[in-house]
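Chains as they are written, first to last, in this note's numbering: chain A, 1308 to 1500; chain B, 1308 to 1500.
Number of protein chains: 2
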Amino acid sequence: MPRAERERQMVAVAEEIFADRGYLAASMDDIAERCGVSKPMIYEYFGSKEGLLVACIREARTELAKATTESVIGAATPEEALRRGLVAFFEFTDTHRRAWSLMLRSEAAVAGPAAAAEIEAGRQEQVEIDMALFRAFLPETSEVELEAAAQIVVGACERLSLWYVGRDDVTADQAADHLMLALWTGLSSLVRA
Amino acid sequence: MPRAERERQMVAVAEEIFADRGYLAASMDDIAERCGVSKPMIYEYFGSKEGLLVACIREARTELAKATTESVIGAATPEEALRRGLVAFFEFTDTHRRAWSLMLRSEAAVAGPAAAAEIEAGRQEQVEIDMALFRAFLPETSEVELEAAAQIVVGACERLSLWYVGRDDVTADQAADHLMLALWTGLSSLVRA
DNA sequence: GAGTCAAGCTTACCCGGGGTAGGTTACTTG
DNA sequence: CAAGTAACCTACCCCGGGTAAGCTTGACTC
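Structure, rendered in structure tokens:
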């Protein structure tokens, strides 16, 4: 099997095993066996166990960035853009649960500095997408304010997606609704209602 | 040295080493040596490496829950309660950086299921504190709505604290301000400004 | 004061799994 | 067909989590 194809297979298998058993409990021998290949092949292509994890995360975050950026194309108002981005995000986390749990669960230094950096880079990517969006609609707002808002959106999305994926009585659309109410309209509106 | 005291010392040393080098890179032999004790003592008291991590996390989350619940006592309006809670939270993450980075970095299944559960329990604790607060001020609002709002607040706090701790030009108060603007007033207000 | 029990502690070891050295096969290319 | 290289293997090293078995010391009983 040619290298490129084998690498894709390895990433796919690793994603599944990492997500299932957790990074620590997954052994490289097992992954190799499931690929029908011996362990040194993985080391040849990915360098280390952490390297393999990084490859998995990178693939997931590339897909996520693609899905969210594409979703906001052509939105007329900031409200519409935000809502569309949220729905796309929640749909992604729902349909790509394995990939998403990898990005969440393999936090930082537990797997190693490279994996930590990859995950943080993924978040930062989302932050920058959000900032670009806000900046386009809100030219008057300061950069600090924009970044704070973007971080808030990313954090809220992350947490809410975990919550809604665990409940089958809430759809991606409803999750986006809740988030729009809180972030866009503001929680203060609940008091007056 | 009596057991209780030794346990406290072990947790303190472990917290530091885990936070410094990361969970994987920290070896039990090193931790034992820094305690002036041999490895089996730690296993006697905490059962496993993961058990030791769980003890560290539990201590940190207990402190955090204490700080945030105490901060909102006596608040007259929901706005004041929310703001006070946020400030207390950001101050905690700033002054207890090691403990906080442990809670964030040792995500989920990477260390093992018990550690994952402990961290999720910590988040859920915060969610419930928030829900109780909201419920007190907003008796009309549905439980689903309350929980969604609480999840959003927790997620936004987590992310924003990481951001603000990394920037020395932002104070806990200002971080709380940004969050109040986004969550309480709503981002829509930026458009009209 | 000898006997006993437990708490706190040790040395010396096992073994799974990440990572590597060095070689084999088989296909391309000049 | 010789040379090179891509894809792959077996066999091994060794660190570090985890354990077995026993030592020391002090308190408490008879």
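Note that CB positions come from ideal geometry on N, CA and C, so glycine has one too. Computed from a predicted model, the values in this text were never measured in an experiment.
Exercise for review: Determine the extent of the alpha helix (DSSP H) in which B/E1398 is found, giving its start and end residues.
Suggested key: From DSSP, the alpha helix (DSSP H) with B/E1398 extends over 1385-1402.
**Request:** Evaluate B/A1479 with the Cβ neighbour count: other Cβ atoms within 10 Å of its Cβ, from every protein chain shown; 16 or more gives buried, anything less gives exposed.
**Result:** buried
*asked:* Could you compute how far the alpha carbon of B/A1422 sits from the alpha carbon of B/A1406?
replied: 14 Å
Since I believe B/G1462 is in contact with B/I1364 (beta carbons under 8 Å), could you give me their beta-carbon distance rounded to a whole number of angstroms?
Actually they are not in contact, since the Cβ atoms of B/I1364 and B/G1462 sit about 18 Å apart, beyond 8 Å.
Return no unless some Cβ of chain B is closer than 8 Å to the Cβ of A/H1485.
yes
- Could you tell me the boundaries of the alpha helix (DSSP H) in which A/R1315 lies? 1310-1328
| query | Which runs of the alpha helix (DSSP H), 4 residues or longer, sit entirely within the stretch 1404-1440 of chain A? | reply | 1404-1412, 1415-1418
Note down, in chain order, every chain A residue with its Cβ under 7 Å from the Cβ of B/V1461. R1466
Return the CA-CA distance between B/E1366 and A/E1452, expressed in angstroms with no decimal places.
-> 34 Å
query: Does any C-beta atom of chain B lie closer than 8 Å to the C-beta of A/V1498?
result: yes
Among A/D1327, A/M1348, A/A1326, A/G1329, nearest to A/D1336 - alpha-carbon criterion: In terms of Cα proximity to A/D1336, the closest of A/D1327, A/M1348, A/A1326, A/G1329 is A/M1348.
Going straight from the alpha carbon of B/A1333 to that of B/E1351, what length do you get? Answer to the nearest angstrom: the Cα atoms are 19 Å apart.
So, does the stretch 1467-1486 of chain B touch the stretch 1470-1487 of chain A, judging by three or more C-beta pairs under 8 Å? no
Exercise. Assuming B/G1493 contacts A/L1440 under a Cβ cut-off of 8 Å, what Cβ separation, rounded to an integer in Å, is found between them?
Worked result: In this structure B/G1493 does not touch A/L1440 by the C-beta definition: roughly 16 Å separates them, more than the 8 Å allowed.
Review point. Roughly how many angstroms separate the alpha carbons of B/D1327 and B/R1368, rounded to a whole number?
Key: 19 Å
| So which residues of chain B does A/F1275 contact, with C-beta pairs closer than 9 Å? | For chain A, the structure presents residues 1308 to 1500; residue 1275 of chain A sits outside this window and is missing.
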